[in-house]
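Only one structure is covered here, and it is reproduced in the block below.
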Amino acid sequence: MTVLRNIAQLATCPATNPQQDAGIIENAALAFANGEIAWVGPENQLPKRHSGEESFDCRQQLVIPGLIDCHTHLCFGGWRDDEFDLRLRGHRYEDIAAAGGGIRSTVSATRSATIQQLSRKALQALAGMLELGVTTIECKSGYGLEADSELKQLEVYRKLDAQQPVDLIRTFLGAHMVPDEFQNCRDDYVRLLCDTLIPMVSAQNLAEFCDVFVDENAFSIPEARQILTAAKRAGLGLKVHADQLSNGGGAQFAAEMGAISAEHLEHATESGIQAMADAGTVAVSLPLASLYLRVPYIAARDMLEAGMKVAVATDFNPGSAPSYHLPLAMTLACINQQMTPQEVLVGATTVAARAICAEQRIGSLLPGFTADITVIDSPSVNQWLYHFRANACSGVVKSGQWVKAFAPQTAPFLR
Ligand code: NIG
Ligand code: FE
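Under this note's numbering, the first residue of the sequence shown carries the number -6, and numbering increases by one thereafter.
See below:
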């Protein structure tokens, strides 16, 4: 048994609370054993039986569930800093893509990279995420767009899941765009996805979810319907990249298909929001993509008021969001999505867990949940997300083990 005590605020983030309520306990303590949370509450109620256990003094810091980044494109070859420069000179993301750049250029870099090169690069990002307090991520394929290269990305994820502490939940995104060699016969690519790749991914247990990018330059709704119908038949959970660059009815489509989540949604309409609210679809907001592409932020307030849950994630990828800094995305969600710090924290913990169908075991600090715990060098949720710093994380527990040693920050937060 290990006890964390002298916690200024413990955010328990119960899945059953409304999103604005992070279930905060002041002056708290927490006990964990055998990889699970055993007890949480005010420190003055800590049961006597825990008083002789190994304990850590949290020195009036904040303790939260290990953060969950529920939307990343972790594995990719190359970078696209040249496009960053082009966009700043006025070229549009869509035009760069139409001219052969964008996703297409990452596809060719990913196809030509070896599994070792891709693994080493993704491992470096995972180490950086863990330092920030992230303990679980969702990660998509989608830069292969052919059998071998899609499987190569999913294989990188399988390997890395076993090699380091951050848990990887895998999503097959073979429907990220139509690869060049199928431009004149796109139906054949949709057929390849539905009849070969999706059944293979599912049979070999290579992914838990299937995602599709619904967009003018990616897949139409009828195509996406075929793809997600095949995915559902194969037993995969469903996700949709919806209404990112324009409103194409992606939100209604995600609701109609019973997708667990719709992601991006920068251009979702009122009727799309209502359809998702009625279907219980989780909205996954990606504020770093809005920042980098200088497009509108998601209408999070309208979604919350309609009764939806809104997750906050990074979208880490080499094009629209070349950063895996989840706490930065969280501060941006406060400012630009007008979400309160508690709503945002809940969005990056239990709601993010819901977006990967894992809210029964991670994302909350309650007895019986996996002991994934992040210590933040700040006295409160408000103070943490308001006073943005490069890294405020001062310790991480994953499944009951310290994986980022609990240590004072080199420059501790001054009250
Ligand atoms: O989520 N929207 C489509 N896919 C990614 C961008 C991929 C890229 O630019 O490489 C996204 O933003
Ligand atoms: Fe994405």
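Yeah, the Cβ is synthetic: ideal placement off N, Cα and C, and Gly gets one too.
Beta carbon of residue i: closer than 7 angstroms to some heavy atom of ligand 2?
| i | result |
| --- | --- |
| His234 | yes |
| Glu256 | yes |
| Asp308 | yes |
| His84 | no |
| His318 | no |
| His260 | no |
| His66 | yes |
Taking 7 angstroms as the cut-off, is the beta-carbon of residue i closer than that to any non-hydrogen atom of ligand 1?
| i | result |
| --- | --- |
| Gly71 | no |
| Pro280 | no |
| Phe206 | yes |
| Pro311 | yes |
| Thr99 | yes |
| Gly95 | yes |
| Ala314 | yes |
| Gln237 | yes |
| His380 | no |
| His169 | yes |
To which residues does DSSP link residue i through a beta bridge?
| i | result |
| --- | --- |
| Glu409 | The displayed coordinates of the chain run from -6 to 408. Any statement about residue 409 would go beyond what the structure contains. |
| Lys391 | Gln394 |
| Glu19 | Gln2 |
| Thr(-5) | Phe25 and Glu47 |
| Ala446 | Residue 446 falls outside the range modelled here, since the chain spans only -6 to 408, and no answer is possible. |
| Arg163 | Cys132 |
| Gly34 | Ala22 |
| Asp62 | Ile130 |
| Ile369 | Leu55 and Cys386 |
| Ser231 | Per the sequence presented here, residue 231 reads as Leu, with Ser not at that position. Note: Leu231 sits in a beta bridge opposite Cys203. |
Flag this pair as yes or no: are the beta carbons of residue i and residue j separated by less than 8 angstroms?
| i | j | result |
| --- | --- | --- |
| Leu281 | Glu336 | no |
| Ser316 | Gln54 | no |
| Gly167 | Gly135 | yes |
| Gln12 | Val374 | no |
| Ile214 | Ala244 | no |
| Val159 | Leu123 | yes |
| Thr164 | Cys132 | yes |
| Ala276 | Met301 | yes |
| Gly273 | Glu29 | no |
| Tyr285 | Ala314 | yes |
| Glu256 | Ala235 | yes |
| Gln157 | Leu119 | yes |
| Asn310 | His66 | yes |
| Ile355 | Thr129 | yes |
| Cys68 | Gln146 | yes |
| Pro35 | Ile18 | yes |
| Gly137 | Thr103 | yes |
| Leu238 | Cys203 | no |
| Thr307 | Leu319 | yes |
| Ile369 | Ala385 | yes |
| Ser195 | Ala227 | yes |
| Ala292 | Met269 | no |
| Leu410 | Leu(-3) | The shown model of the chain, from -6 to 408, leaves out residue 410, and the question about it has no answer. |
| Pro192 | Tyr182 | no |
| Val344 | Ala326 | no |
| Gly279 | His64 | Contrary to the premise, residue 279 reads as Leu rather than Gly in this sequence. Cβ atoms of Leu279 and His64: closer than 8 angstroms. |
| Gly70 | Leu111 | yes |
| Lys232 | Ala211 | no |
| Pro399 | Phe49 | The residue you asked about is not Pro; residue 399 is Phe in the sequence shown. For Phe399 and Phe49, yes; Cβs fall inside 8 angstroms. |
| Ala200 | Val207 | no |
| Leu358 | Val33 | yes |
| Asp143 | Leu190 | The identity of residue 143 in the sequence shown is Glu, whereas the question assumes Asp. Yes, these two residues count as a Cβ contact at 8 angstroms. |
Cβ of residue i within 7 angstroms of any heavy atom in ligand 4?
| i | result |
| --- | --- |
| Gly126 | Because ligand 4 does not appear in the structure shown, any question about it cannot be addressed here, the ligands present being ligand 1 and ligand 2. |
Next item on the list: Mind listing, in chain order, the continuous alpha helix (DSSP H) runs of no fewer than 4 residues lying wholly within the region 241 to 282?
Entry: Fully contained in the region 241 to 282 are the following alpha helix (DSSP H) runs of length 4 or more, in chain order: 243 to 250 and 263 to 272.
Margin query: Ignoring anything shorter than 4 residues, give me the alpha helix (DSSP H) runs that lie fully in the region 187 to 215, in order along the chain.
Written below: Taken in chain order, the whole alpha helix (DSSP H) runs of length 4 or more contained in the region 187 to 215 are 191 to 196.
Next item on the list: Jot down the residue ranges of each uninterrupted beta strand (DSSP E) in the region 81 to 154, minimum 3 residues, whole runs only, in chain order.
Entry: DSSP runs (the beta strand (DSSP E)) wholly in the region 81 to 154: 127 to 133.
Checklist line | Contained alpha helix (DSSP H) runs [length at least 4] in the region 289 to 326, N- to C-terminal order | finding: Along the length of the region 289 to 326, whole alpha helix (DSSP H) runs at least 4 residues long occupy 293 to 298, reported in chain order.
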